[in-house]
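Worksheet for the structure shown next.
Residue numbers (our numbering): 21 to 1065.
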């Protein structure tokens, strides 16, 4: 084994030798620097490999035969090997990225970099506290030197503030060391840790000063203004080194020395760390500078891992898995983002849209952002899951809630940044220029996040190989994104078909899973088939579509809560990219992602309570939770209802769906929304209705469902855009489903299941056809259409059958669902909620009449006289679903029979009884074939009579009209379809007022105002920052009542 002291010797020797190599050229000096750093990394990697392979003890090495502080004592162990490897790999990547800066500034800059990396290695390896102080000083001086690689005003002031702050912190640390040595007579860290209980009086100034120094190195709130300026003022490559290498080394010091303060020190670390996490992310909300955002995020993330270490005794054996998954993600992702900021060369977040001109760089940006936010398949996902599970199991609810709140704040500004980069116009922005030196480091770190995620997952045991293997296929499709759309479409259909084949044995025999697997995978195949109508390459569409459907597949196949949550998050990522593709979808896609994030965090807390109750993450943990059950079930329901767009969480849907194109609109509404229904069914199945809290939750849920149906349908009635009308209609239809599930009765659940399946069918038809019409005529505004029945007869027929089904008019299957609903309302005496639902159905009929009448009937617009029928690629899947509607309409028992048998195990009372094709309840019977025959023959007779009676009718020409007085000022005012239900607005228009939107706007404004007040403490004044440091120390001392007792 190579002596670990060579890590220090190589860095030191190379740094000194660079002064003698000036004449050999800067490129050769740079190569020597890289080789030295790589050698240091190799030594660390060799030791780490040996520790993992042989489980051996590490050596203690001294530079001479004496004792500290007269010699340097180094010790290499598991932790030292890992942390020095992180530091040295970052040194190699950071130096490679800084190639231009280093060669421009000469050998002296390279020597400073080597000295800085050496100092960080020394911080980790040293075994005595005084040499720790020395190495901290070396690292600080080197950091200041690297900051000054660019001698502009920001760098100079940032370096100056950093030197002042680090000098004050070093002074506190040195005083603590002096007092410790005076008390114990030793500087050896291991001996100090042993001596603390015996000879160091609890509450001693020595322990307190050391603890304060190491906490201040982590830049705690509010004593971190100098740190924010350092991150934003330093060159991008140097900021990456500070965020990933320096912060990691400082964290290792915390791990080594925090035990000196005793148990109270851990409590202080937990409080300070988590407060820093929440406060830093809150203050960042109003920030528009990219580098400052990264600074706040870096400080917040390190605050989080500090807090976790303070709580590690509560987290048991999973503590270090949690720490290293979060720390490792921060190490890789934050360095990558700082490196990208150097490529973009703009601190304005709105100018990051330039990254789209370099798709690979933009993909790296997305990987880093989603990894930081704890999405799968990255390590942070598993770390955050284990963290919340552990905290909730230890009944540390407030800590868990604070961490989730801080995560929400971080998501607000990181996703705002990413969404604006994804959607804002970049025509006038120059393409970011990257060289091999600036491109390779972020690429390598982004790639490393994926195996790191898989490696982390193996220690949690919740995700199998099929949670990762399909991601390789999705990556392949991403690499092939340059191919024409139809080739990627074929490959995607093959991939979905293969995954469906894999999924079938896992759901076979389970009616519940078969229903949703059919919706998710069947919907995927239909949507991808419809995608053949597209031309060109359709960049980015297929990987994100497959990611969404993979998440949905994992959702159905999940055997435990972690798998369920893993699939849910993958689905969220994929669907976000689909919903934000629309031309004006930036605010709507961003809103969707925020609601999804908030729902996911609520859901995670609820899962934590389920895990705490059952001691397992199996799905059975949802059954009869006894730890805060009302809170647990409510949080899970809230999480799932963000996807069903229930009242209060619905504001993202109209814009997100209304701006989507045909096939995406179909996937979003007919398929994606059912994921929320799937989750609600799981939760309610576990909760039951026997407990008083459960009945209260169900009462509220029922009203939410009924009111969602009413508000959704009223909102649809007042839309001018057909796509927005259907989007609002989806809100209303999902309200029916939620209402049915909330009844916890056989008929209620049967109706909910039926609506779930039929909504998939008829809404799928409508979205494909209406989206196709909008594509053909160039608009979704209904009053700009009219008379299209002759140009698009197949579309008209499909829409006609779909709206009859949706409206619940006999003889189609929608009437079956309405009949079951009415029976349930009467049998359960739910007259008030039932009245709301019935009124909602009447409103639905009105907007559906408008939809078909305005688009297909009336006069044909001149510009549409040569418009063609909707693409066959859209008609074929629409008519396939139409066949399903007709089959279910004629033989509803083929669906309701198996569903009824499944539900009879949970709800044996009030079941629907079948005698052949006749269904009966206590309130009547129902035979759909007879109903279809009667209505069909009646329709034929009336239709023939109308043909005969109106054979001599005169057709009114388009301009056979006159005005009384003045002509309308705008063309649309001459169209009968414009503002079609204006007369109803006086009666029910108040229900369409966006009160919920205003509420969330007020919440947003309040948070941003609070963030603005928080930012006021960061004045940029160096003296103020020193006062913050002193004030922080005094405040902690006073809070702990003058000591660490």
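Note that CB positions come from ideal geometry on N, CA and C, so glycine has one too.
Burial is judged here by how many other beta carbons sit within 10 angstroms of a residue's own beta carbon; residue 244 has at least 16 and is buried. With a cut-off of 8 Å on Cβ pairs, the stretch 145 to 152 is not in contact with the stretch 165 to 172, counting fewer than three such pairs. Here DSSP, grouped into helix, strand and coil, assigns residue 448 to coil. Within its own chain, the residues whose Cβ lies closer than 6 Å to the Cβ of residue 324, once the five positions on either side in sequence are excluded, are 297, listed in chain order. By the criterion of a C-beta distance shorter than 6 Å, residue 657 is surrounded in its chain by 703, once the five residues flanking it on both sides are discounted. Judged by DSSP in its simplified three-state form, residue 93 adopts strand. Proximity to residue 522 across 537, 478 and 396 peaks at 537, based on C-alpha coordinates. Its Cα nearest to that of residue 651, the residue 623 stands out among 623, 692 and 498. Exposure of residue 495 is indicated by the presence of fewer than 16 other C-beta atoms within 10 angstroms of its C-beta. Apart from sequence neighbours up to five positions away, the residues of its chain that approach residue 654 with a beta-carbon distance below 8 Å are 626 and 717, ordered along the chain.
Straight through space, the alpha carbons of residue 745 and residue 678 are spaced by roughly 8 Å. The beta carbon of residue 853 sits closer than 6 Å to the beta carbons of 722 and 726 from its chain, once the five residues preceding and following it are set aside; these are given in chain order. As for any alpha helix (DSSP H) of minimum length 4 sitting wholly inside the stretch 201 to 258, the runs are 209 to 219, 225 to 237 and 245 to 253, ordered along the chain. Judged by DSSP secondary structure, residue 524 falls within the alpha helix (DSSP H) whose first and last residues are 505 to 527. Here the C-alpha atom of residue 433 lies approximately 44 Å from the C-alpha atom of residue 883.
Collapsing the DSSP output to three states places residue 493 in a helix.
Of all alpha-carbon atoms in 151, 111, 118 and 149, the one lying nearest the alpha-carbon of residue 135 is that of 111.
The beta carbon of residue 63 lies closer than 7 Å to those of 22, 24, 26 and 27 in the same chain, with the five residues before and after it left out. Under the 8 Å Cβ criterion, the stretch 760 to 773 counts as touching the stretch 922 to 941, having at least three qualifying pairs. DSSP links residue 638 through a beta bridge to 580.
Within 10 angstroms of the beta-carbon of residue 119 lie 16 or more other beta-carbons, which makes it buried. Contact annotation, residue 254 with residue 178: C-beta distance approximately 6 Å; criterion of less than 8 Å satisfied. By the criterion of at least three beta-carbon pairs nearer than 8 Å, the stretch 735 to 750 is in contact with the stretch 858 to 872.
Within the same chain, and ignoring the five residues on either side of residue 602 in sequence, the residues whose Cβ sits closer than 6 Å to its Cβ are 679 and 680. Here the C-alpha atom of residue 1055 lies approximately 10 Å from the C-alpha atom of residue 1048. Cβ-Cβ distances below 8 Å link residue 589 to 395, 396, 401, 571 and 620 in the same chain, with the five nearest sequence neighbours on each side left out; the list follows chain order. Taking the C-beta atoms as reference points, residue 353 is found no nearer than 8 Å to residue 364.
For residue 1036, no beta strand (DSSP E) segment is defined, and its DSSP state is neither H nor E. By the neighbour-count criterion, in which 16 or more other beta carbons inside 10 Å mark a residue as buried, residue 756 falls on the buried side. Judged by DSSP secondary structure, residue 939 falls outside any alpha helix (DSSP H) and instead within the beta strand (DSSP E) spanning 938 to 941.
Residue 81 sits in a strand when the DSSP states are folded into three classes.
A distance of 8 Å or more separates the beta carbons of residue 269 and residue 424. When C-beta atoms of the stretch 222 to 238 are compared with those of the stretch 273 to 285, three or more pairs fall below 8 Å, so the two segments count as touching. Annotated three-state conformation of residue 911 is coil, per DSSP.
In this model, residue 214 and residue 225 are separated by some 18 Å (Cα to Cα).
Distances from the CA of residue 82 to each of 333, 318 and 93 were compared; the closest alpha carbon is that of 93.
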